[in-house]
Structures are given as structure tokens and as C-alpha cells.
Amino acid sequence: MEEEAYTKDGTADFCGKPAIRNKTGTWRACPYIIGNECCERLAYYGINTNLVNCLKFRLNERNVVAVNCVTSWSGTCYATPLIGAFLADAYLGRYWTIASFSIIYVLGMTLLTLSAIVHGLKPVCNETEVCSPTALQTSEFFTGLCLIAFGTGGIKPCVSSFGADQFDDSDMKEKQSKSSFFNWFYFLIYIGAFIASTVLVWIQTNVGWGWGFGIPAVAMALAGQDCIEFRKPGRSPLTRICQVVVACFRKINFEVPADKSPVYALFYTLIVLLDWCAVLVLVGDSNSFLDKAAVETQADRIKGLINQWRPYTVTQVEELKSIIRLLPTWPTGIIFTTVYSQMGTLFVLQGNTMDLHMGKSFEIPSASLSLFDTVNVIFWVPIYDRLIVPFARKFTGQKNGFTQLQRMGIGLPRSIFAMLIAGTLELVRLGIVRKYDYYEVKQMPLSIFWQVPQYFIIGCAEVFTFAGQLEFFFEQAPDAMRSLCSALSPTTVALGNYLSTLLVNIVTDLSTRHGNAWWIPDNLNYGNLHYFFWLLAG
15 MEEEAYTKDG TADFCGKPAI RNKTGTWRAC PYIIGNECCE RLAYYGINTN
65 LVNCLKFRLN ERNVVAVNCV TSWSGTCYAT PLIGAFLADA YLGRYWTIAS
115 FSIIYVLGMT LLTLSAIVHG LKPVCNETEV CSPTALQTSE FFTGLCLIAF
165 GTGGIKPCVS SFGADQFDDS DMKEKQSKSS FFNWFYFLIY IGAFIASTVL
215 VWIQTNVGWG WGFGIPAVAM ALAGQDCIEF RKPGRSPLTR ICQVVVACFR
265 KINFEVPADK SPVYALFYTL IVLLDWCAVL VLVGDSNSFL DKAAVETQAD
315 RIKGLINQWR PYTVTQVEEL KSIIRLLPTW PTGIIFTTVY SQMGTLFVLQ
365 GNTMDLHMGK SFEIPSASLS LFDTVNVIFW VPIYDRLIVP FARKFTGQKN
415 GFTQLQRMGI GLPRSIFAML IAGTLELVRL GIVRKYDYYE VKQMPLSIFW
465 QVPQYFIIGC AEVFTFAGQL EFFFEQAPDA MRSLCSALSP TTVALGNYLS
515 TLLVNIVTDL STRHGNAWWI PDNLNYGNLH YFFWLLAG
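For reference, each letter of the sequence shown is one residue, going 15 to 552 in the working numbering.
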């Protein structure tokens with residue numbers, strides 16, 4: 015009975031003692047973890063949602079430069095999680111990685127807030143609201159953005175894994191709750207995004223950038239132990255991977271025995287590696303090149319021989335195999351993210367040219383249209399979790415309704431429709447511009463709410479694609495490398511944003527040759543933005 019009181023997955027409490035099942039973990043620990051993520055996302059989206067307008071109007075950047083700055087910064091925010099994941103798995107553990115990188119994040123938010131309120135750090139604007147930032151002001155602003163990008167790297171890959179750690183896989187009830195955790199985790203992310211795209215964007219546009227940056231800075235500072243379960247960090251996961259690769263080439267001339275009993279002692283191998291927690295690895299029967307790393311040679315049998323590049327376990331081989339199996343799925347999220355990144359860049363610039371009025375007097379900021387994406391996600395996550403999954407379970411036999419790959423496959427095609435609709439709207443808008451000679455009109459008489467369908471469809475796609483991808487990389491990852499593998503999901507977002515930057519540069523270069531009209535000029539009324547949207551759809 016005493017053993018039943020403790021978790022069986024190697025987790026410990028804050029003091030390092032074995033975690034007690036009835037006092038730690040499960041949903042009782044999740045408010046602290048999800049609360050931190052909600053505040054971090056509030057801060058992130060409070061910047062990202064309206065950053066293209068900030069760069070265009072406050073720092074006086076051209077459209078192409080502003081768009082590329084946003085996608086490059088967003089890409090970096092999702093690339094740095096590889097650093098945080100490495101530190102979490104190898105040295106600090108997830109809790110202390112989140113705590114330490116949150117401090118860096120808050121420092122970046124503070125610099126950004128100072129750039130909007132302190133005289134000498136905020137750009138001076140004339141009567142027509144044309145600003146002239148100095149080199150110091152621009153440098154201080156981008157320093158804040160860089161710190162935020164680095165701080166994100168320690169939070170993003172760890173929070174979802176840290177939350178999933180609170181559920182014991184040896185308990186079937188807790189294991190089933192883990193899938194719901196990922197759905198609700200994604201739901202709370204978009205609660206933060208909803209507040210950012212409505213309240214904060216309006217404050218930035220109508221009250222001031224100081225308040226607009228200051229509020230998310232305070233929210234991030236307030237983000238928060240007795241009820242949390244912890245996993246001890248182990249040795250560097252990259253070292254473990256390199257050990258297997260080196261071993262394979264050292265033993266390239268050795269054959270894997272037909273009887274793998276010397277290699278695979280048990281079908282399920284339960285081992286303890288140095289200070290690692292006990293890890294359970296399902297050993298496959300693949301007679302692959304990587305199996306050579308686990309073949310025992312004469313040199314391996316020499317007693318007293320110490321070489322960190324020689325002792326390789328079946329567990330290490332299977333960990334590398336697991337990561338390799340993830341790679342074919344990894345690129346699929348890159349294209350979707352390239353489409354998704356347009357919401358915070360070209361969709362906003364397109365909206366700036368349209369009628370922003372909602373009623374007679376109230377104007378909705380163009381960046382706030384992303385709330386329709388956010389509301390759609392907030393609406394569909396509980397519907398998916400409580401209605402679609404139980405219904406689909408009856409037909410598929412899957413406990414989660416769909417496999418993670420099926421879920422991603424449902425979401426990806428929807429991004430094509432979003433770009434087709436965005437391109438068609440732009441073509442209609444340009445037709446009105448040319449018909450009524452609205453080339454120099456800042457806001458033409460076409461309601462911005464015609465953009466709602468393109469935001470709405472991307473929101474539908476997100477529920478399936480991003481949440482499914484997050485769960486896929488966590489579930490398929492080896493226990494000892496879950497932060498590292500969870501970071502593969504953000505890297506698809508990073509590469510998708512970088513791909514958007516690359517495509518914008520390419521089409522700008524090609525479309526301006528021989529004196530042709532730009533696809534994305536500073537005045538979109540002279541451009542051909544619909545070509546870029548249709549390029550993404552193709």
C-alpha cells in the first residue's frame with residue numbers, strides 16, 4: 015500500500031523526495047504551469063500582433079523591412095527553444111530553466127517598455143505622425159526584442175513538457191488526462207492571445223505604446239511548489255546522440271548478430287544511467303545500421319578501459335531511432351507556419367488600407383482582426399476535446415479520436431483555402447482602387463471585416479495542426495529527451511517564419527527587376543499582394 019502512494023514514473027517533489035500521488039502532480043499542479051504560459055503568451059502576442067505597425071509607424075520602416083523584421087524575430091523566438099531544451103534536459107531541469115529564462119524575458123519587456131515611455135529613448139514624431147528614430151533608439155528597441163527572443167527559448171520547449179510530466183503514464187486515468195492537458199494548454203495560450211489582440215492592441219493604437227508594452231511586461235513579471243512534480247535532468251542528450259553515431263562508424267565492419275540477445279537483453283529494457291531517472295524504452299526489432307552501436311566488441315570487454323565514446327546502451331540506440339522517426343513529419347509544419355505568419359504581417363498591412371470603422375465612431379485596429387483567429391481556436395478546442403474526440407473514438411478506435419498525424423493532416427489543407435481567400439480579397443480590393451482611382455487614399459471604402467474569413471479558416475487549421483504537432487512530438491519522444499523533441503515543434507514555426515522572410519526577399523527582388531511593379535510596395539494600392547498570397551497557396 016505504501017508503494018501505491020508514490021508515483022511510478024521517477025518524478026520527485028520540490029525537495030527531491032519521491033512524489034506522493036495524492037499530493038503532487040495531475041491537474042492540481044497545472045494552474046501554476048499553464049498560468050505562466052498564459053502570461054508569457056500575453057506578453058508575446060502583445061508585441062507580435064502589432065509589431066509590424068510599430069516598426070512601420072514608430073521606427074519608420076518600409077513595408078518589406080517591417081514584414082521581414084517581424085518574421086525574423088518570430089522565427090528567432092521559436093529557434094532559441096533548442097537552447098532551452100538542451101539546458102533543461104542536460105543540466106537545469108525544466109523548472110529552473112523556465113524560472114531563469116523568465117527573468118531574461120522580463121528584462122527584455124522592460125527595455126521595450128522604456129523605449130516607449132522614456133524621453134530620449136522613444137522616437138520623436140512630427141504633426142503628421144511621421145517619426146524619426148535615432149540609432150540609439152532603434153538599437154535599444156531591438157535589444158529588447160532580442161532578449162525576449164532568448165527568454166522565450168527557455169520557456170517555450172519546457173512548459174508543455176513540464177505540464178505533461180505531472181501525469182503518471184503508469185496510471186491509465188492520468189495518461190488519458192494528458193491528452194486533454196495538451197488541448198487545454200493550447201486553449202489557455204489563446205486566452206492570452208485574445209487579450210493581446212483586443213485590449214492591448216487597442217491600447218497601443220489609441221492610448222500609447224508605453225501602456226501597450228508595460229501591461230504585458232507586468233503580466234510576465236507576475237507569472238509564477240509544493241504540488242508540482244519534477245524530473246531530474248540527465249546528461250546532455252546531444253552527447254548521447256553523438257555517442258551512438260560515433261559507435262556506428264567505429265563498428266561499421268561488424269555484423270549485428272541474428273540472435274540479438276547480446277544486444278537486446280529484454281524486450282522492454284529498464285535501466286538507470288548515472289543520475290538519470292529510470293527510463294522505459296520499447297525496444298524495436300529493426301536490424302538497422304544504428305544497431306551496430308550496441309554490439310559488444312572485444313575492446314568493449316576489456317576491463318578497466320574507460321572511454322565515454324565506447325559504452326553504448328540499447329536505450330541510447332532506441333532514443334536516436336525515435337528522433338529519426340520524427341523527422342519526416344517535422345517539415346510539414348514549416349509550410350503551415352509560413353502561411354500562419356502572414357496574420358501578423360501582410361494581413362495587418364492589407365487591413366491598414368481598408369475601412370476600419372465598426373459603427374459610426376469606433377475604429378478597430380487592423381491588428382485586432384487576429385482576434386477572429388483567436389476566438390475560433392478558443393471556441394473549437396473545447397468542442398474538439400469534449401465532442402469531436404468522443405464521437406470520433408467510436409469509429410476510429412483511437413483513445414484520442416484521431417492519431418496525431420491524422421489530426422495534423424486535417425488541419426494542413428485549410429491553410430491553402432485561407433491564402434486563396436486572402437488573395438481573392440486583395441484582387442477585389444485592387445479592382446476597386448483602380449476603378450475609382452483610390453491609389454493615394456489611405457483607407458478605402460471596403461470594410462476590414464471582409465478579412466474575417468481568412469483569419470477564421472487559419473484558426474480552424476490551428477486547432478488540428480499546432481496542437482496535434484505539439485502532442486505528437488511529446489508522445490513520440492524518448493523520456494530523457496522530451497524537452498529537446500518538444501523543441502522540434504517550435505523549430506517548425508521558426509523555419510516557417512524564416513521561409514516567409516526568404517520568400518518576401520525573393521519576390522521583392524524578382525518583381526522589381528526591369529522596372530516592374532512591386533508585389534509588396536510601401537503603398538499596397540500600387541502592388542500585387544494577391545500574387546504572394548496565391549504563391550503560398552500553391
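Ideal placement from N, C-alpha and C gives every residue a C-beta, glycine not left out.
query, result
"Span separating the alpha-carbon of residue 505 from that of residue 95", "8 Å"
"Local conformation of residue 375 per DSSP, three classes", "coil"
"DSSP three-state assignment for residue 455, whether helix, strand or coil", "coil"
"Contacting residues, own chain, Cβ-Cβ under 7 Å from residue 428 (five flanking each side not counted)", "471, 474 and 475"
"Neighbour-count burial assignment, residue 451, 16 or more Cβ in a 10 Å radius", "exposed"
"Cβ pair count under 8 Å reaching 3, the segment 354 to 362 against the segment 59 to 67", "yes"
"Rounded straight-line distance, which links the Cα of residue 446 to that of residue 99", "50 Å"
"Cβ shell of residue 157 (< 7 Å), same chain only, five flanking positions each side left out", "125"
"Three-way DSSP call (helix, strand, coil) for residue 523 in this model", "helix"
"Meets three-Cβ-pair contact criterion under 8 Å: the segment 535 to 543 and the segment 378 to 390", "no"
"Beta-ladder partner(s) of residue 145, from DSSP", "139"
"Rounded C-alpha distance that separates residue 203 from residue 141", "39 Å"
"Cβ pair residue 165, residue 116 closer than 9 Å", "yes"
"Per-residue DSSP class, three states only, for residue 551", "helix"
"Beta-carbon proximity check, residue 369 vs residue 492, cutoff 9 Å", "no"
"Cβ distance (whole Å) where residue 145 is taken to contact residue 73 below 8 Å", "7 Å"
"Residue 536 - DSSP class collapsed to helix/strand/coil", "coil"
"Cβ-Cβ distance between residue 510 and residue 350 below 9 Å", "yes"
"Straight-line gap, residue 52 to residue 399 (C-alpha atoms, nearest Å)", "19 Å"
"Cβ-based neighbour list, residue 167, same chain, cut-off 7 Å, excluding 5 preceding and 5 following", "94, 95, 97, 98 and 115"
"Nearest-angstrom beta carbon gap, residue 87 and residue 163 [assumed within contact, 8 Å]", "6 Å"
"Uninterrupted beta strand (DSSP E) stretches inside the segment 421 to 496 (no shorter than 3 residues)", "none"
"Run of the alpha helix (DSSP H) containing residue 82, from where it starts to where it stops", "77 to 93"
"Option nearest residue 383 by Cα separation, candidates 213, 414, 70 and 485", "213"
"Residue 109, DSSP secondary structure in three states", "helix"
"Identity of the residue in 80, 260 and 346 nearest residue 330 by Cα", "260"
"Helix, strand or coil at residue 179 [DSSP, three-state]", "coil"
"Beta-bridge pairing of residue 133 - partner residues as DSSP gives them", "136"
"Inter-residue spacing [alpha-carbon to alpha-carbon] between residue 373 and residue 464", "15 Å"
"Neighbourhood of residue 154 by C-beta distance below 8 Å, restricted to the same chain and skipping five residues each side", "125, 128, 129 and 135"
"CA-to-CA distance, residue 550 to residue 5, given in whole angstroms", "As displayed, the chain neither begins before 15 nor continues past 552, which places residue 5 out of reach and without an answer."
"Paired residues, beta bridge with residue 369 - DSSP", "461"
"Cβ neighbour criterion (16 or more within 10 Å) applied to residue 537", "exposed"
"Whether residue 389 touches residue 198 by CB criterion (9 Å)", "no"
"Residue nearest to residue 195 in terms of C-alpha spacing, selected from 175, 107 and 210", "175"
"Inter-residue Cα distance where the pair is residue 171 and residue 91", "11 Å"
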